[in-house]
Ligand code: FES
Ligand code: FES
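Numbering (my numbering), first residue to last: 616 to 752.
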């Protein structure tokens, strides 16, 4: 399988690898696994509650190059976005940016699910009403 230049670039220089302090109320964690291949992705956000803006994002992905690139790209896109803006990131935007082939689409779905999971966790921790419908892939 040939990876695109953008996938290789993120795979070789992943942005924002790491861990945020889960115990902080301002941190939300999304942990998802892909049934297709068993890969696992953890994505975390730190939110400024006053502005609902994501001030930091980190990930750890045990998975293929496309999953690592998808989560690296996702953390780049998340920083500086409001929660509402972050919820508009969907996996097809990632597919297009990274030029993922059809067999690698589920890797980008993992990133979208991890983003939504992190946001939902932050909202739950802070008693914020979650008004987001589950998206079926
Ligand atoms: Fe091999 Fe995802 S299928 S790492
Ligand atoms: Fe399964 Fe990429 S996440 S092959």
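Glycine included, every Cβ here is placed at the ideal spot set by N, Cα and C.
Check whether the Cβ of residue i lies closer than 6 Å to any heavy atom of ligand 2, and answer yes or no.
i, result
"residue 728", "no"
"residue 648", "no"
"residue 619", "no"
"residue 686", "no"
"residue 623", "no"
"residue 689", "no"
"residue 635", "no"
"residue 643", "no"
"residue 725", "yes"
"residue 678", "yes"
"residue 714", "no"
"residue 667", "no"
"residue 699", "no"
"residue 681", "yes"
Between residue i and residue j, what straight-line distance do the alpha-carbon atoms span, to the nearest angstrom?
i, j, result
"residue 668", "residue 703", "14 Å"
"residue 741", "residue 676", "26 Å"
"residue 687", "residue 725", "12 Å"
"residue 738", "residue 635", "16 Å"
"residue 655", "residue 729", "10 Å"
"residue 689", "residue 709", "8 Å"
"residue 723", "residue 685", "6 Å"
"residue 617", "residue 731", "29 Å"
7 Å is my cut-off, CB to CB: does residue i come that close to chain C?
i, result
"residue 657", "Of the chains in the structure shown, none is chain C; there is only one protein chain."
Measuring CA to CA, which of the options is closest to residue i?
i, options, result
"residue 639", "713, 630 and 660", "660"
"residue 680", "690, 621, 708 and 737", "621"
"residue 637", "657, 684 and 715", "657"
"residue 682", "717, 700, 646 and 721", "721"
"residue 678", "700, 652 and 664", "652"
"residue 633", "691, 709 and 672", "672"
"residue 646", "745, 733 and 744", "733"
Can you have a look at residue i and say buried or exposed, based on whether 16 or more other CB atoms are within 10 angstroms of its CB?
i, result
"residue 727", "buried"
"residue 643", "buried"
"residue 745", "exposed"
### Message
I want to know whether the stretch 696-710 touches the stretch 623-634 - three or more CB-CB distances under 8 Å.
### Response
no
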